[in-house]
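Participant: The structure under discussion is supplied below as structure tokens; questions concerning it will follow.
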Amino acid sequence: MADREKAGGRRLGGKCLCGAVHYEVADEFVYAANCHCSNCRRATGSAFKPFAGIERDKLTLTKGAENLLIFGDEIGNDVRCGLCGSFLYSMVRDGAYVHVAMGTLVDAPSIRPNKHIFVGSKAPWFAITDDLPQYAEHADGGPSLKP
Ligand SMILES: [Zn+2]
Ligand SMILES: [Zn+2]
Numbered sequence: 013m014a015d016r017e018k019a020g021g022r023r024l025g026g027k028c029l030c031g032a033v034h035y036e037v038a039d040e041f042v043y044a045a046n047c048h049c050s051n052c053r054r055a056t057g058s059a060f061k062p063f064a065g066i067e068r069d070k071l072t073l074t075k076g077a078e079n080l081l082i083f084g085d086e087i088g089n090d091v092r093c094g095l096c097g098s099f100l101y102s103m104v105r106d107g108a109y110v111h112v113a114m115g116t117l118v119d120a121p122s123i124r125p126n127k128h129i130f131v132g133s134k135a136p137w138f139a140i141t142d143d144l145p146q147y148a149e150h151a152d153g154g155p156s157l158k159p
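With the numbering used here applied, the sequence shown corresponds to residues 13 to 159, in that order.
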């Protein structure tokens, strides 16, 4: 609770399917996107992964550290609940940022995914039906498919 007061801003809760793992994250995401790359599709078992990025120190594990299943290394990994398998977040950018799998948030964040990335490797059976910008790969590199 002290941390919550010290941080000042709004905090969002998140948890896995079985409830063994809980986290808290500041409602201060820097970016959010829907990633259609094949890794995100496999990791989620879905057409794409909606994720939101934030500095690593703004996310706190509040329950279930002993139950984590971590795939990857210290500075680049996917973190899941080891009991139910929910994909919670990833450590990225040499460990400086985390990408929260937005489906595990309990509270609604202020940010919304505002682009589709890695559309070049999108599943052929899925159609994007919104008007958000689409990028073949990362938004900051490679051509935009739909400016
Ligand atoms: Zn779980
Ligand atoms: Zn991806």
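From the three backbone atoms N, C-alpha and C, an ideal C-beta is built for every residue, glycine too.
Taking the alpha carbon of residue 77 as the reference point, which residue from 152, 22 and 28 has its own alpha carbon closest?
Facilitator: Cα-wise, what sits closest to residue 77 is 28.
Participant: Ordered along the chain, which non-local residues of its own chain (more than five positions away) have a Cβ less than 6 Å from that of residue 157?
Facilitator: Excluding sequence neighbours, residue 157 sits near 131, 146 and 148.
Participant: With hydrogens ignored, establish whether the beta-carbon of residue 51 is closer than 6 Å to any heavy atom of ligand 2.
Facilitator: Yes - ligand 2 has a heavy atom lying nearer than 6 Å to the Cβ of residue 51.
Participant: Just verifying my parser: in three-state terms, what is the DSSP assignment at residue 56?
Facilitator: Looking at residue 56 - three-state DSSP - the assignment turns out to be helix.
Participant: Relative to ligand 2, is the shortest distance from any of its heavy atoms to the C-beta of residue 30 smaller than 6 Å?
Facilitator: No; taking the cut-off as 6 Å, the Cβ of residue 30 has no heavy atom of ligand 2 nearer than that.
Participant: So, with DSSP's three-state summary, where would you put residue 126?
Facilitator: Note: residue 126 maps to coil in three-state DSSP.
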